[in-house]
Amino acid sequence: MNRTKDSSTSLRIAIQKSGRLTDKTVSLLQGIGIDFDNYKRNLMVKTRNFDVELLLLRDDDIPEYVQDGVCDLGFVGANVTYESRADVKVLRGLNYGKCRLSLAAPKNGNIKTPQDFDGKTVATSYPNLTRSFFEEQGVNIKIVGISGAVEIAPQLEVADAIVDLVSTGGTLRANGLEELDTILESETQLIQTNMELSPGKKQLIEKFLVRIDGYQQAKKSRYIMLNAPESAVEDIKAIIPSMRSPTVVPLAEDDMVAIHTVIPLNEFWVVMEELKATGASDIVMLPIESMIL
Ligand code: ATP
Ligand code: ZN
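Residue 1497 is where the sequence shown starts when you use the numbering used here, and the numbers rise one by one after that.
Here it is in structure tokens:
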């Protein structure tokens, strides 16, 4: 099927059918108002209110499907896309599914730096990324490709060391391995095909991105409300790094005002202390569903 002269407008989006990325991707899609059901049972689901079809795939297949234009967009880990070497555009990093591709070797052994890997055998499910990393370092290794349970390869004497995905490092430690270096910091990305898309689809992608950016911004922000003496308003304005000037509403009580604004989540606790010191009280923080700037 030649999809390069694509005149349909329904966007086809690939997501992981069942795995670590599925729930968060589904929440993101639902969070930006894309409504669908039965994704657990079907390979393809139509959405009700946005012109989108979801294709549920193994994550390893997503970059190629997007490269070939079978899907227009895909949600997949950077680790998978870069290992696949698929020719796709990365539209957004999505701040979930975070992990790193790391070198690890037996804690009690004598491999401690990437240079110590010279002449060694390395087990991994990421042969391309591993090979490139060691080539850049000028280190010769032999790769054993393994698709799962890579961390037990040294105990089984299948390999001297491994390259594997790590999030907390607990699995490595439980297997007597020590993390030595990181090849790639990974997160889920939104990728797009490089095939030519119809104007209708391009427009839909623009809309889709506005929603995603709004959702991401909202996740990082909190709506705060507080009461304060009117005399403290100038001090409070100086403390709150809000996106616009805060809303200040007079209260029935004499000389008191309510202040509403949006602040970055990571500044909330710092700012809160400072706000209390100005005489602010009844400070309420609320999550935000979406924010279109
Ligand atoms: P599939 O059946 O779709 O092939 P899988 O078993 O290959 O699934 P998962 O284990 O569900 O994949 O992981 C999917 C993605 O989650 C990884 O490719 C990676 O981007 C991300 N991830 C985050 N933390 C970890 C981790 N600790 N280990 C493995 N993957 C992680
Ligand atoms: Zn996979």
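Beta carbons: idealized from backbone N, C-alpha and C, even for Gly. Since the structure is predicted, the reported quantities are computational estimates derived from the model, not experimental observations.
Just verifying my parser: in three-state terms, what is the DSSP assignment at GLN1563?
helix
Flag this pair as touching only if the region 1606-1619 and the region 1692-1710 have three or more C-beta atom pairs under 8 Å; answer yes or no.
no
Separation of ASP1533 from LYS1703, as counted between CA atoms:
If I take the Cα positions, the gap works out to 22 Å.
Hey, is ASP1519 close to the ligand ZN, as in C-beta under 6 Å from one of its heavy atoms?
no
Within the region 1576-1664, ranges of the alpha helix (DSSP H) (whole runs, at least 4 residues):
1623-1633
Spell out the partners DSSP gives ALA1754 in its beta bridges.
ASN1723, VAL1745
For ASN1498, which residues from the same chain have a beta carbon less than 6 Å from its beta carbon, with the 5 sequence-adjacent residues on both sides left out?
The predicted model places ASN1498 with a pLDDT of 46, which falls under 50 and marks its position as unreliable; any figure quoted below should be read in that light. Cβ within range, chain order: n/a, list empty.
With distances taken from CA atoms, which of ILE1784, GLN1688, VAL1744 is nearest ALA1582?
GLN1688
Kindly list the residues whose CB is nearer than 6 Å to the CB of LEU1587, restricted to its own chain and excluding five residues on each side of it in sequence; keep chain order.
Non-local C-beta neighbours of LEU1587 in its own chain, meaning closer than 6 Å and more than five positions away in sequence, comprise LEU1686, GLN1688, ordered along the chain.
For LEU1517, which residues from the same chain have a beta carbon less than 8 Å from its beta carbon, with the 5 sequence-adjacent residues on both sides left out?
ILE1511, ASP1555, PHE1571, VAL1572, GLY1573, TYR1592, GLY1593, THR1684, listed in sequence order.
Check: ARG1516 C-beta below 6 Å from any heavy atom of the ligand ZN:
no
In three-state DSSP terms, what is THR1774?
coil
If you draw a straight line from the alpha carbon of ILE1658 to that of GLY1634, how long is it in whole angstroms?
18 Å
Within the present structure, is the beta-carbon of ARG1554 separated from the nearest heavy atom of the ligand HEM by less than 6 Å?
The ligand HEM is absent from the structure shown, which contains only the ligand ATP and the ligand ZN.
Would you mind sorting GLN1712 into buried or exposed? The rule is 16 or more other CB atoms within 10 Å of its CB.
buried
Using 7 Å as the limit for Cβ to Cβ distance, is PRO1623 near chain C?
You won't find chain C in this structure, because it holds only one protein chain.
For CYS1595, is the beta carbon positioned less than 6 Å from some heavy atom of the ligand ATP?
yes
Pull the bridge partners of THR1689 from the DSSP assignment, please.
The partner list for THR1689 (beta bridge, DSSP) reads VAL1584.
Indicate whether ALA1645 and ALA1724 have their beta-carbon atoms separated by less than 7 Å.
Not in contact: ALA1645 and ALA1724 (Cβ atoms no closer than 7 Å).
Give a yes or no on whether the C-beta atoms belonging to VAL1576 and GLN1563 are separated by under 7 Å.
no
Would you say VAL1586 touches the ligand ATP, meaning its beta carbon is less than 6 Å from a heavy atom?
no
How close, in whole Å, do the beta carbons of LEU1569 and TYR1561 come, if the pair is a contact with beta carbons under 8 Å?
Incorrect: roughly 10 Å between the Cβ atoms, too far for contact.
Considering only C-alpha positions, which residue in the set SER1727, GLU1769, LEU1782, LYS1733 is nearest to ASP1750?
SER1727
Are the beta-carbon atoms belonging to LEU1524 and CYS1595 less than 7 Å from one another?
no
Spatial neighbours of GLU1647 within its chain, please: CB distance less than 7 Å, with the 5 preceding and 5 following residues excluded, ordered by chain position.
ILE1658, ASP1660, THR1667, LEU1668, ASN1671, LEU1673
For PHE1571, write down the residues that DSSP places opposite it in a beta bridge.
LEU1686
Output the boundary residues of the alpha helix (DSSP H) element that contains LEU1553.
It is not in any alpha helix (DSSP H) - LEU1553 instead sits in the beta strand (DSSP E) that spans 1548-1553.
C-beta contact flag for SER1598 and GLU1653 at 7 Å
No.
GLN1685 Cβ short of 6 Å to the ligand ATP heavy atom set:
No - the ligand ATP has no heavy atom lying nearer than 6 Å to the Cβ of GLN1685.
ALA1714: first and last residue of the uninterrupted alpha helix (DSSP H) it sits in:
Where ALA1714 is concerned, the enclosing alpha helix (DSSP H) stretches over 1695-1715.
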